[in-house]
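Undergrad:
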Amino acid sequence: MLAGVIHQIMSGIATGGIYASVALALVMIYQATHHVNFAQGEMATFSTYIALTFINAGFPYWVAFAIAVVLSFGIGVTIERVLMRPLANAPVLASVGVFVGLLLIINSLSGWFFDYTIKQFPTPFPDRPMLGGYLSGHELGSTAVTLIVLLSVYLFFRHTRLGLAMRAAAFNATSSRLVGVRVGWMLALGWGLAAAIGAVAGCMVAPIVFLDPNMMAGILLYAFAGALLGGIDNPLGAVLGGFAVGVIENLGGAYLVGTELKLTLALVIIVTVLTIKPTGLMGRKVYSRV
Amino acid sequence: MRTPWLIAILVLLAAIVPVAGFTDYHLFQLTMVVVYAIAILGLSLLTGFNGQISLGHGAFYAIGAYTTAILMTTWNVPYWLTLPVSAVVCAGVGFLLGLPALRLGGLYLALTTFALAVAIPQILKYKAIEDWTGGVQGLVIDKPDAPFGLDLSPDQWLYLFTVAVAAVLYVIAWNIVRGRIGRAMMAIRDHAMAAEAMGINLAMVKTRTFALSAMYTGLAGSLGAIAVQFVAPDSFGVFVSIFLFVGLVVGGVSSIGGTLIGAAFIEFVPNLADKVSKAAPGAVYGVILIAVMFLMPAGAGGFLYALWRRVFRARSGQGAAPEQPVEIGAVSYEPDSGLTGMQTGAAFVDRPVPSENAGRNE
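Chains as they are written, first to last, in the working numbering: chain A, 1 to 290; chain B, 1001 to 1362.
#1: Could you round the C-beta distance between Val100(A) and Ala227(A) to whole angstroms and report it? I think they count as a contact, below 8 Å.
#2: Please decide whether Arg1189(B) counts as near chain A, where near means a Cβ-Cβ distance under 8 Å.
#3: Considering only residues of the same chain and omitting the five flanking positions on each side of Val1349(B), which have a CB-CB separation below 6 Å?
#4: Using a Cβ-Cβ cut-off of 8 Å, state whether Met1186(B) counts as contacting chain A.
#5: State the beta-bridge partners of Val70(A) as determined by DSSP.
#6: On the three-pair Cβ rule with 8 Å, is the segment 1134-1145 of chain B touching the segment 1070-1079 of chain B?
#7: Can you name the residues of chain B whose CB is closer than 8 Å to the CB of Ile270(A)?
#8: So, does the CB of Val92(A) fall closer than 8 Å to a CB anywhere in chain B?
#9: From Gly231(A) to Met282(A), what does the alpha carbon distance come to, in whole angstroms?
#10: Assuming the contact rule is C-beta atoms closer than 8 Å, Cys203(A) and Ala51(A) should be a hit. Round their C-beta distance to whole Å, please.
#11: Considering only the beta carbon of each residue, do Phe951(B) and Gly1138(B) sit closer than 8 Å?
#12: From the beta carbon of Leu1295(B), is the nearest beta carbon of chain A less than 8 Å away?
#13: Met1198(B) lies in the alpha helix (DSSP H); which residues open and close that run?
#14: Give the DSSP-derived three-state secondary structure of Pro1121(B) in the structure shown.
#15: Run through chain B and tell me which residues come within less than 9 Å of Ala266(A), C-beta to C-beta.
#16: Counting pairs of beta carbons, one from the segment 141-152 of chain A and one from the segment 192-209 of chain A, are three or more of them closer than 8 Å?
#17: Does Phe1245(B) get closer than 8 Å to chain A when you measure Cβ to Cβ?
#18: Give the single residue among Leu1223(B), Asp1234(B), Arg1183(B) and Ala1232(B) whose Cα lies nearest to the Cα of Thr1209(B).
#19: Check whether the Cβ of Tyr19(A) lies closer than 8 Å to any Cβ atom in chain B.
#20: Considering Phe171(A), what are the terminal residues of the alpha helix (DSSP H) in which it resides?
#21: Going by other Cβ atoms of all chains shown within 10 Å of its Cβ, with 16 needed for buried, is Lys1278(B) buried or exposed?
#22: Is the shortest distance between the beta-carbon of Ile1256(B) and the beta-carbons of chain A less than 8 Å?
#23: Look up Leu135(A) in the DSSP assignment and give the residues it is bridged to.
#24: Applying the criterion that 16 or more other CB atoms from any shown protein chain within 10 Å of the CB defines a buried residue, is Val1249(B) buried or exposed?
#25: Is Val36(A) close to chain E, meaning its C-beta is less than 8 Å from at least one C-beta of that chain?
#26: What number of angstroms, rounded off, separates the C-alpha of Val1246(B) from the C-alpha of Ile1040(B)?
#27: In whole angstroms, what separates the C-alpha of Asn234(A) from that of Tyr30(A)?
#28: State yes or no: is the C-beta of Ile13(A) within less than 8 Å of the C-beta of Val247(A)?
#29: Our contact map puts Ser1054(B) next to Leu1107(B) with C-beta atoms below 8 Å; I'd like the distance itself, whole angstroms only.
#30: Give a yes or no on whether 8 Å exceeds the smallest Cβ distance from Met282(A) to chain B.
#31: So which residues on chain B does Ile75(A) lean against when the C-beta distance must stay under 7 Å?
#32: At a Cβ cut of 9 Å, what residues of the segment 236-264 of chain A count as close to chain B, listed as they run along the chain?
#33: Since Val1287(B) is in the alpha helix (DSSP H), which residue starts that stretch and which ends it?
#34: Here's a check: name, in chain order, each residue in its chain whose Cβ is nearer than 6 Å to the Cβ of Val1089(B), leaving out the five neighbours to either side.
#35: If contact means a Cβ-Cβ distance below 9 Å, which residues of the segment 217-234 of chain A contact chain B?
#36: Using DSSP with H/G/I as helix, E/B as strand and the rest coil, what is Leu1339(B)?
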């Protein structure tokens, strides 16, 4: 029993890492623009297809992985520059509409370019149990990759001038512009980073759930739940929330509701958090003058 | 006041001409247009007139469809009797979901309903209710024959039946929107706090609008299930909700007439685009959705209404103020109408509200 629980928690942390990455990508965009990117999952799926294309073309795994991340970064920046700029002060309905449109377009493009059949995605990690059999090689490897990504994002925002400028732009656009930060480009960079993080998450989850154009729909839902649980304006909170949701999902799936209702569990988490504590566990209250 | 008569004659023509001249397949397609129109009308009442964005109305469509299918297969209830039951069930579910929705403004409601839309197929497949829902296989139902010995094919009869139900629902919606409740709904959409100060009971109006909206979309689901003769969990995935949303935006979020345009759009565009590629309908939807958002935020309905008014005014010289300014573009890019209207919805709730909007754009 106890070994089972530990096993569930460990693999919950492994999948939670994926949710944490996507949640972080969502929060990065939310913090800067107060938009929730409904297309985040589809963007990550598309990036994963890019990686698969390069792997199939004969590139080594990590080279293909790097190409996919860089291309995704470019796609993210482009989307922000072209589609999202005019929306900066648009009403919620307009931004939701554009994001849903983006979701539909990217989803169709994935199906169009890469076909709707379910594909296998290779893993660069050894296929044998690790840590005394609690985790598979891929789970351990993907957790490590996720942690490296999260750590480097943290270091980037804490210790580089560019990271500081991006934080400033998200925190107070007007003042940042006055001290010479190019706010528009900072937002575009944020989008690029979010897309790149999504690409990593997509490549890490694809070997487990297999690759098809709708691969990330459920994962996006858990990422929403994680981001809201931790506080959608707090990156650290969102990451912890993502891990927490991974563990809750695994434990709940194993002992509470069964695997058939796992998505409903995410829905319940979302509704519970938003009704009981809308700011999330670590979010801050924002007061506005009327 | 000739307009009601004109509309009544148009509806009669729309009911009789296709029955007389169309093949059964085209009639089926038209039936689905009317079904989608009812569903979009429900969404419009909620999103367009009350400002609560839902990306999960496919869930209510599914609940309505399943209510009808279960009643017809398990209890042999006649199809027309399932409609009132379905209306009550969906209104009830909508009311219950409207309670947490009270605390979720704008974006958060969109997010939660999106989650509902993603989760609904899994709920429908749930083992414990498999005896009723038929699990993954779903349920097959029979198409009803025309009553009273009328010499009509089942498709013809179903089309007439659907048009009749739709006509009733449209008249009700029209009157609600033009009346006191409609004013309250729109006041909440445009400025919740001001509406509350005027004595409107926010919680009551918003939950009841949610219930009404769910009822409309659920009834559409019931009619759709009878027309398609089949319900299964995977036909009610997240894309049903998204397509309803697309239809709403294309037709014009707060345009009652526009719901018909939006419904025709989501019924016929896939048929046309399918010939290019399986992926084309989604891409076309997405591109048009974004284009409408940028170029024609009031949708086709709002656009046509504005056009009609302009022509009308040009002909009658000046004046001729519109009798009822019903078709209001809820989506406007003026920060003072849409933005504050949406985001200060339920402003008494502590949740992140963007306070720093000025000067984000260069």
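The beta-carbon is built from N, C-alpha and C at its ideal position, and this holds for glycine as well.
TA: Considering the structure as presented:
#1: Between Ala227(A) and Val100(A) the Cβ distance is about 18 Å, and since that is not below 8 Å, they are no contact.
#2: no
#3: Interpretation of Val1349(B) is limited by its pLDDT of 34, a score under 50 that renders its predicted location unreliable; the figure taken from the coordinates is listed afterwards. For Val1349(B), where only same-chain residues beyond five positions count, the Cβ hits under 6 Å are Arg1103.
#4: no
#5: Answer is none; Val70(A) lacks a bridge partner.
#6: yes
#7: Leu1111, Thr1112 and Ala1115
#8: Contact with chain B is found for Val92(A), since one of that chain's Cβ atoms lies less than 8 Å from the residue's Cβ.
#9: 5 Å
#10: 5 Å
#11: The structure shown does not extend to residue 951(B), since chain B spans only 1001 to 1362, so no value can be given for it.
#12: no
#13: Here Met1198(B) belongs to no alpha helix (DSSP H), and DSSP marks it neither H nor E.
#14: helix
#15: Ala1115, Val1118 and Ala1119
#16: Because the criterion of three Cβ pairs below 8 Å is met, the segment 141-152 of chain A and the segment 192-209 of chain A touch.
#17: With respect to chain A, the C-beta atom of Phe1245(B) has a partner C-beta closer than 8 Å.
#18: Arg1183(B)
#19: no
#20: Arg161 to Phe171
#21: With fewer than 16 Cβ atoms within 10 Å of its Cβ, Lys1278(B) is classed as exposed.
#22: no
#23: For Leu135(A), which the question treats as bridged, DSSP gives the partners Met130(A).
#24: Burial of Val1249(B) is indicated by the presence of at least 16 other C-beta atoms within 10 angstroms of its C-beta.
#25: No chain E appears in this structure, whose protein chains are A and B.
#26: 9 Å
#27: Those two C-alpha atoms are separated by around 10 Å.
#28: yes
#29: Not a contact, Cβ separation roughly 12 Å.
#30: no
#31: Those within 7 Å of Ile75(A) in chain B number zero; the least Cβ separation is about 15 Å.
#32: The segment 236-264 of chain A vs chain B, Cβ under 9 Å: Gly258, Glu260, Leu261, Lys262, Leu263 and Thr264.
#33: Ala1280 to Leu1295
#34: Thr1067
#35: Ala217, Gly218, Leu220, Leu221, Phe224, Ala225, Leu228, Gly231, Ile232 and Asp233
#36: Confidence at Leu1339(B) is low in this model, with a pLDDT of 32, below 50, so the placement of that residue should be treated as unreliable; the coordinate-derived value is given next. Helix.
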